[in-house]
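*Asks:* Sharing a structure below in structure tokens format, with a few things to ask.
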Amino acid sequence: MGIINTFYDLPVPFNYAAVLVLNMFMLFSGYLLVDEYLMQYLDNAVKQTKLQSELVAIIFLNIGNGLPELITGFLCGQKDLLCAIYCSIGGMLFIITVVLGSAILFKSKTVEIKNSLFYKNIMFLFLSYSLLTCILIREAVNIFIALFMVGTYAVFLVHSVVNNRNDTEEIETVQHAVGSNKYRKVVHWCLYPLRKLFDISLINQKATSTPLALYLCSVFANFIVFSYLLGCLSKKVFFIAVPVLLLLSAVLYFFDTITPNKMIMNCYSMFIAILWIFFTSDTIVNQIEMVSERFNMSKELSSLVFLAFGNSFADLVTNSIAARKGLVKTAVSSSMTSPIHNILFNFGLLLSYFTLSNGTIVLHSVRNAMFTVFPIVFVPIALFIISFNYEIRNRKLEIELAYTLFVIYGLFICLLGMEFYLGDYGRK
549 MGIINTFYDL PVPFNYAAVL VLNMFMLFSG YLLVDEYLMQ YLDNAVKQTK
599 LQSELVAIIF LNIGNGLPEL ITGFLCGQKD LLCAIYCSIG GMLFIITVVL
649 GSAILFKSKT VEIKNSLFYK NIMFLFLSYS LLTCILIREA VNIFIALFMV
699 GTYAVFLVHS VVNNRNDTEE IETVQHAVGS NKYRKVVHWC LYPLRKLFDI
749 SLINQKATST PLALYLCSVF ANFIVFSYLL GCLSKKVFFI AVPVLLLLSA
799 VLYFFDTITP NKMIMNCYSM FIAILWIFFT SDTIVNQIEM VSERFNMSKE
849 LSSLVFLAFG NSFADLVTNS IAARKGLVKT AVSSSMTSPI HNILFNFGLL
899 LSYFTLSNGT IVLHSVRNAM FTVFPIVFVP IALFIISFNY EIRNRKLEIE
949 LAYTLFVIYG LFICLLGMEF YLGDYGRK
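Spelled out as structure tokens, the structure:
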């Protein structure tokens, strides 16, 4: 991302300060986007579509949150496909431990999860894990494995749609807090300029302007901000894009006038919110790559831990806030189905592209087998503990599971750290 390179090129005292400010901006903007905007649009979409929690997680959350991993996997796969595999399995472990644990920890209520939906997700999670393990053990991948992964995800989607169509569970809605504490008010006051930017970018429907003016301001503001973040903003690019932006604003306004209940505006705002979250995650991923290079860490370790965290940052923020605001089943479903989407669909598409282009791909030998053994061992342990807690707690996921999952991931990081420092395998 162009803005990160610009910050790192500054003189030594100022580049660290600029990067620190950028990190704070990204963290606060990610929180504000999800807490005040994305949850509102998600609530409106749920009320209009009447979708059950699992389909909401698959359609609205997993696709948007999976974009960073799709792009990072593509970039890593062009250099070393093994790093993309490590990134996928590391992201899977992070989501089913830290992200799921956070959703359980911050949940606003205790809900019962249907037995069939829970074990369907566990089964497809284990299948996703088995396919990645098979690739790591064989140290080769071909088009048949890639197509099998995509086909398996299609089966997962069909199964989810059929099950949820016959489901009569109560549709979850966002629970709005009656009052807010003083710390929350202080944070909102400090983020006032950022909120104004998001009001324009995401089209705050409480505004008094006409819809056409809202679309014009939003489209132009988003183009300028995103172009600047990508480092490709210039006068020439702006003047070339003006007719396209005007046409896009007019088209959005036209469809908004012929659709009921502001459906186009809600969909557009949700898409832009997800795009903002993607840029937040992408910025974190880019910084992680630069820091890994500066500290001379191996690509395997960086992909397994740091890139996995950067790619899953959106899942962590979104699912934690969704659980706190009453969308508990949606948050839990997203935490359990997001690795399925990332591995079977995202990674399956990447493998299909690379194998169609290059044929059967032989992975490079791993210098340290522990980088392969640790995630292979810890993923089934986490799945077993999740299933065990679900059974003994009578179809509920309780708070002790959250702490246990945190301990599992902490132990995983500690063991990798020991290998890095004591075994001297983590350095190039």
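Here the sequence shown stands for residues 549 to 976, where the numbers follow my numbering. No residue lacks a Cβ here, since even glycine has one placed at the ideal position from N, Cα and C. These numbers were taken from a predicted model, which means no experiment stands behind them.
Which class does Ile820 belong to by DSSP, given the choice of helix, strand or coil?
*Replies:* Correct three-state label for Ile820: helix.
*Asks:* Note down, in chain order, each residue of its chain lying with its Cβ closer than 7 Å to the Cβ of Arg943, except the 5 sequence neighbours on either side.
*Replies:* Same-chain partners within the cutoff: Glu660, Ile661, Asn663.
*Asks:* Where does the unbroken alpha helix (DSSP H) through Cys780 begin, and where does it stop?
*Replies:* Per DSSP, Cys780 belongs to no alpha helix (DSSP H) and is neither H nor E.
*Asks:* For Leu892 versus Tyr701, is the C-beta distance shorter than 9 Å?
*Replies:* Yes.
*Asks:* Cα separation between Phe926 and Glu948?
*Replies:* If you take the alpha carbons of Phe926 and Glu948, they lie about 18 Å apart.
*Asks:* From Val785 to Leu778, what does the alpha carbon distance come to, in whole angstroms?
*Replies:* Each residue's alpha carbon lies about 13 Å from the other.
*Asks:* Starting from the C-beta of Ile822, find all residues in its chain whose C-beta is less than 6 Å away, skip the five residues before and the five after it, and write them out in chain order.
*Replies:* Cβ neighbours of Ile822 beyond the five flanking positions: Gly612.
*Asks:* Whether or not the stretch 610-629 and the stretch 924-939 are in contact is what I'm after, with contact meaning three or more pairs of Cβ atoms, one per stretch, closer than 8 Å; do they touch?
*Replies:* Output reads no: the stretch 610-629 does not touch the stretch 924-939.
*Asks:* For Val594, name the three-state secondary structure that DSSP assigns.
*Replies:* Helix.
*Asks:* Buried or exposed: which applies to Trp737, given that a residue is buried once 16 or more other Cβ atoms fall within 10 Å of its Cβ?
*Replies:* Result: exposed.
*Asks:* Check whether the stretch 684-704 touches the stretch 865-880, taking contact to mean three or more Cβ pairs, one atom from each stretch, closer than 8 Å.
*Replies:* The stretch 684-704 vs the stretch 865-880: no contact.
*Asks:* State the Cα-Cα distance for the pair Lys598 and Asp747, rounded to the nearest angstrom.
*Replies:* One C-alpha to the other measures close to 26 Å.
*Asks:* Which residues share a DSSP beta bridge with Ala688?
*Replies:* For Ala688, which the question treats as bridged, DSSP gives the partners Val910.
*Asks:* So, Tyr667 versus Ser851, is the Cβ gap smaller than 9 Å?
*Replies:* Not closer than 9 Å, so no.
*Asks:* Between the C-alpha atoms of Ile825 and Leu615, what's the straight-line distance to the nearest angstrom?
*Replies:* Going by the C-alpha atoms only, they are around 10 Å apart.
*Asks:* On the criterion of 16 or more Cβ atoms from any shown chain inside 10 Å, does Val703 qualify as buried, or is it exposed?
*Replies:* Per the 10 Å Cβ criterion, exposed.
*Asks:* What residues in its chain sit with their C-beta under 6 Å from that of Ala950, if we drop five residues either side in the sequence?
*Replies:* So the qualifying residues of the chain are Gly649, Ile652, Leu653.
*Asks:* As an exercise, report each continuous alpha helix (DSSP H) stretch of at least 4 residues that is fully enclosed by the stretch 599-679, in chain order.
*Replies:* Those alpha helix (DSSP H) runs which fall completely within the stretch 599-679 and span 4+ residues are 601-604, 615-627, 629-642, 648-653.
*Asks:* Give me the Cβ distance between Val698 and Leu897, rounded to the nearest whole Å; I'm assuming they're in contact under 8 Å.
*Replies:* So it is a contact: roughly 7 Å between Cβ atoms.
*Asks:* How many Å lie between Val569 and Val709 at the Cα?
*Replies:* Computed Cα separation, rounded: 43 Å.
*Asks:* Determine the direct distance from the alpha carbon of Glu967 to that of Phe674, and round the result to whole angstroms.
*Replies:* Those two C-alpha atoms are separated by around 26 Å.
*Asks:* Quick one: give me the first and last residue of the alpha helix (DSSP H) that Tyr951 is part of.
*Replies:* Here the alpha helix (DSSP H) through Tyr951 covers 947-970.
*Asks:* Measure the CB-CB distance between Ile670 and Leu931 and report whether it falls below 9 Å.
*Replies:* Yes, they are a contact pair.
*Asks:* Answer with buried or exposed for Pro791, where buried requires no fewer than 16 other C-beta atoms within 10 angstroms of its C-beta.
*Replies:* Flag for Pro791 reads exposed.
*Asks:* Where does Lys655 land, buried or exposed, given buried means 16+ other C-beta within 10 angstroms?
*Replies:* Looking at its Cβ environment, which holds 16 or more other Cβ atoms inside 10 Å, Lys655 is buried.
*Asks:* Residues in the same chain with beta-carbon distance under 7 Å from Phe771, minus the five sequence neighbours each way, listed in chain order, please.
*Replies:* Correct list, in chain order: Ala789, Leu793.
*Asks:* If I measure Cβ to Cβ from Ala769 and keep anything under 6 Å in the same chain, skipping five residues before and after, which residues do I get?
*Replies:* If we look at Ala769 and ignore the five residues flanking it on each side, its Cβ neighbours are Ile748, Ser749.
*Asks:* Taking the C-alpha atoms as reference points, what is the distance between Leu586 and Leu745?
*Replies:* Approximately 15 Å, taken between the alpha carbons.
*Asks:* By the DSSP assignment, the alpha helix (DSSP H) with Met884 in it spans what residues?
*Replies:* Where Met884 is concerned, the enclosing alpha helix (DSSP H) stretches over 876-888.
*Asks:* Could you pull the start and end residues of the alpha helix (DSSP H) that Pro741 belongs to?
*Replies:* Residues 740-749.
*Asks:* Based on the DSSP secondary-structure assignment, which residues constitute the bridge partners of Met811?
*Replies:* Partner(s): none; Met811 has no beta bridge.
*Asks:* Report yes if the CB atom of Glu617 is closer than 9 Å to the CB atom of Ser817, and no otherwise.
*Replies:* Their beta carbons are not under 9 Å apart, which means Glu617 does not touch Ser817 by this criterion.
*Asks:* Please name the residue, chosen from Ala761, Ile806, Val647, that lies closest to Val865 on a Cα-to-Cα basis.
*Replies:* The option with the nearest alpha carbon to Val865 is Val647.
*Asks:* Give the straight-line distance between the Cα atoms of Leu695 and Leu641, rounded to the nearest whole angstrom.
*Replies:* So the alpha carbons of these two residues sit roughly 23 Å apart.
*Asks:* In its own chain, which residues sit with a C-beta less than 6 Å from the C-beta of Asn592, not counting the 5 before and 5 after it?
*Replies:* Excluding sequence neighbours, Asn592 sits near Asn814.
*Asks:* Below 8 Å CB to CB, which residues in the same chain sit around Gly727 once its five sequence neighbours on both sides are set aside?
*Replies:* Low per-residue confidence applies at Gly727: pLDDT is 49, beneath 50, and the placement is therefore not dependable, though the value from the model is reported in the following sentence. Closer than 8 Å at Cβ, skipping near neighbours: no residue.
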